[in-house]
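Using the numbering used here, read the sequence shown as starting at 6 and increasing by one per residue.
Even for Gly, the Cβ is constructed at its ideal location relative to N, Cα and C.
The structure under discussion appears below in the form of structure tokens.
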Amino acid sequence: MAEYKLLNIGFGNAVLISRIISIINPNSSPAKRLREDAKDESRLIDATQGRKTRAVIITDSNHIILSAIQAETLAQRLVQDGN
Numbered sequence: 006m007a008e009y010k011l012l013n014i015g016f017g018n019a020v021l022i023s024r025i026i027s028i029i030n031p032n033s034s035p036a037k038r039l040r041e042d043a044k045d046e047s048r049l050i051d052a053t054q055g056r057k058t059r060a061v062i063i064t065d066s067n068h069i070i071l072s073a074i075q076a077e078t079l080a081q082r083l084v085q086d087g088n
């Protein structure tokens, strides 16, 4: 049986760790462009619950996930899980 590990991205939301390609800061121009392109193509998932976006998660399915948790905090959670 396959074991699936999840990364808590806040407010009861989680992402399958094996699908994450990158976690980036949302303030750069490329991150803003990625967000707009994903929104136009219905690939954007907003998990911020109306709060400020503090991390952008890019998945292998080319979906863009917005989180209200700092990118550094999410990265630490990945390391703590031994990944």
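Just verifying my parser: in three-state terms, what is the DSSP assignment at D51? D51 falls in the strand class under three-state DSSP.
Using 8 angstroms for Cβ pairs, my map puts S23 next to I63. What's the rounded Cβ distance? Actually they do not touch by this definition, with Cβ atoms about 14 angstroms apart.
Helix, strand or coil: which one does DSSP assign to I74? coil
For P31, tell me which candidate among A60, T78, Q81 has the shortest Cα-Cα distance. Measuring from the Cα of P31, the nearest candidate turns out to be A60.
Can you tell me whether DSSP reads A7 as helix, strand or coil? coil
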